[in-house]
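Peer 1:
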Amino acid sequence: MCVTHTVVIIASEINIMDKKKCYRCGKIKTIDKFSRNRTRPDGKNALCKTCSSEVERVRRKENPEKYKERDMAFRNKRPFYIWAQATLYKHKEKGFQIMISIKELEELALNTKKCPICGCKLTRSNGKGPKNNSPSLDRLDNGHTIAKDNIWIICHQCNKTKGGRTLDEFMEYCKNVGRLDVDRDAYKGSTDTPQTAMMGTTLTVEPHTL
Ligand SMILES: [Zn+2]
Ligand SMILES: [Zn+2]
Numbered sequence: 007m008c009v010t011h012t013v014v015i016i017a018s019e020i021n022i023m024d025k026k027k028c029y030r031c032g033k034i035k036t037i038d039k040f041s042r043n044r045t046r047p048d049g050k051n052a053l054c055k056t057c058s059s060e061v062e063r064v065r066r067k068e069n070p071e072k073y074k075e076r077d078m079a080f081r082n083k084r085p086f087y088i089w090a091q092a093t094l095y096k097h098k099e100k101g102f103q104i105m106i107s108i109k110e111l112e113e114l115a116l117n118t119k120k121c122p123i124c125g126c127k128l129t130r131s132n133g134k135g136p137k138n139n140s141p142s143l144d145r146l147d148n149g150h151t152i153a154k155d156n157i158w159i160i161c162h163q164c165n166k167t168k169g170g171r172t173l174d175e176f177m178e179y180c181k182n183v184g185r186l187d188v189d190r191d192a193y194k195g196s197t198d199t200p201q202t203a204m205m206g207t208t209l210t211v212e213p214h215t216l
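Using my numbering, the first residue of the sequence shown is number 7, and each one after it goes up by one.
#1: Classify T197 as helix, strand or coil using the three-state DSSP reduction.
#2: Spatial neighbours of K168 within its chain, please: C-beta separation below 6 angstroms, excluding the five flanking residues on both sides.
#3: Is the beta carbon of S142 closer than 8 angstroms to that of R130?
#4: If you reduce the DSSP assignment to three classes, tell me which class K35 lands in.
#5: Could you name each continuous beta strand (DSSP E) segment of 3 residues or more that falls completely within the stretch 134–194, going from the start of the chain to the end?
#6: Since E4 and K154 should fall inside the 8 angstroms C-beta cutoff, what is the C-beta to C-beta distance between them, to a whole number of angstroms?
#7: What is the DSSP secondary structure of R66, reduced to helix, strand or coil?
#8: Span of the alpha helix (DSSP H) holding K96?
#9: Residues with a Cβ closer than 5 angstroms to any heavy atom of ligand 1, in chain order?
#10: Can the beta-carbon of K50 be found less than 8 angstroms from the beta-carbon of K35?
#11: Under the rule that 16 or more other beta-carbon atoms within 10 Å means buried, what is P70, buried or exposed?
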């Protein structure tokens with residue numbers, strides 16, 4: 007077999023592996039346009055993602071009760087998956103580049119048993135909005151991507167407290183809170199504000215408050 011022939015065979019095999027014809031619309035699409043399906047010989051759905059969504063939409067419309075029950079059962083079984091899905095959707099809407107799958111984020115949250123900041127046990131309620139100890143995705147840098155190596159899972163309450171601060175800024179804030187030793191009685195009914203280093207300046211507390 008000549009060299010040129012070998013190259014042609016390899017190229018055609020790659021082509022076959024990278025593309026697939028949709029059973030429904032008949033279009034030949036790249037393999038990433040087909041969802042995974044372990045029961046199929048090639049590990050991919052026979053229908054492209056667009057067709058699958060369309061079929062699903064029609065089925066849901068025809069039989070809403072059945073789908074409602076199924077969705078509920080899934081929510082109960084995989085609450086962290088539902089959370090991960092909604093979280094990544096929100097970040098995508100905000101313009102972040104998503105480099106982590108829903109399942110990977112679900113696993114990360116499941117493996118984070120306790121909030122690394124306050125130590126509370128992370129739990130997730132179903133569809134009633136986040137609780138203080140619900141998992142919450144937090145970025146460890148100021149980039150525009152969401153990837154495994156630049157996020158951690160903390161509790162919802164700690165994330166609310168951290169707000170838009172970077173981790174360094176938050177740690178500085180916590181140090182200032184730790185230094186805040188105010189005689190509350192001295193401030194009852196007073197309009198004075200205890201002077202602290204909240205804004206990154208040196209801590210100065212009025213002598214009469216110490
Ligand atoms: Zn199709
Ligand atoms: Zn926490």
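For every residue, glycine included, the Cβ atom is placed at its ideal position computed from N, Cα and C.
Peer 2: According to the structure data:
#1: coil
#2: F176
#3: no
#4: strand
#5: 141–145 and 157–161
#6: Residue 4 is absent from the model: the chain starts at 7 and stops at 216.
#7: helix
#8: P85 to E99
#9: C28, R30, C31, C54 and C57
#10: no
#11: exposed
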